[in-house]
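Read the structure below first, then the notes.
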Amino acid sequence: MLAIKLKRIGKKRQASFRVVVAEKRSKMKGDFVEDLGWANPRTNTSQVNAERASHWLKVGAQPTPTAWNLLVKLGVVRGKKIAVHGKSKQVAAPAAAAPSVPAPAPAPEVPPAA
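With this note's numbering, the residue at position 25 of the sequence shown is 1320, and numbering never jumps.
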């Protein structure tokens, strides 16, 4: 299955990325099918060939969440961005909060039979 994903290029600590169509399970530095554009997070600039990106989406290529957010930002596709670094699903409940289910009433005391 094909995916639209980012391929890291650039020197150490000076990352920039190529937007490529590649096999979903291929390595980041591996071969790719087509080069669609580039993104530079250091200068917040990017460019993608919108016509080719929409073609690959129609053919069935699935973008990674980061690639999807980049395509939404550039206006290639319409939709909501995907939270890439979301909060954890376990949220601690506040200790002072009242329980949502009321506690059962205590049973009435019965005197022992004589």
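Glycine included, each C-beta is placed from N, C-alpha and C at the ideal position.
Indicate the three-state DSSP secondary structure (helix, strand or coil) for residue 1347 in the structure shown.
-> In the three-state DSSP reduction, residue 1347 falls in the helix class (H, G or I).
Can you have a look at residue 1405 and say buried or exposed, based on whether 16 or more other CB atoms are within 10 angstroms of its CB?
-> Residue 1405 is exposed by the Cβ-count criterion.
Out of 1309, 1370, 1361, 1354, state which residue places its alpha-carbon closest to the alpha-carbon of residue 1381.
-> Taking only the C-alpha atoms, the option nearest residue 1381 is 1361.
Taking only the alpha-carbon atoms, compute the straight-line gap between residue 1325 and residue 1315 and give it to the nearest angstrom.
-> Approximately 11 Å, taken between the alpha carbons.
How would you call residue 1332, buried or exposed, if buried means at least 16 neighbouring beta carbons within 10 angstroms?
-> Label assigned to residue 1332: buried.
May I ask you to report which of helix, strand or coil DSSP gives residue 1302?
-> In the structure shown, residue 1302 adopts extended strand secondary structure according to DSSP, grouped into three states.
Go through its chain and collect everything with a Cβ distance to residue 1377's Cβ below 7 Å, but skip five positions before and after it.
-> Excluding positions up to five away in sequence, the list reads 1360, 1363, 1364.
Where does residue 1314 fall in DSSP's three states?
-> Strand at residue 1314.
Roughly how many angstroms separate the alpha carbons of residue 1321 and residue 1355, rounded to a whole number?
-> Each residue's Cα considered, the two are about 17 Å apart.
Round the Cβ separation of residue 1352 and residue 1379 to the nearest angstrom and send it over; I've been treating them as touching at under 8 Å.
-> Under the criterion of beta carbons closer than 8 Å, residue 1352 and residue 1379 do not qualify as touching, at roughly 19 Å.
In this structure, does DSSP put residue 1364 in helix, strand or coil?
-> It is helical.
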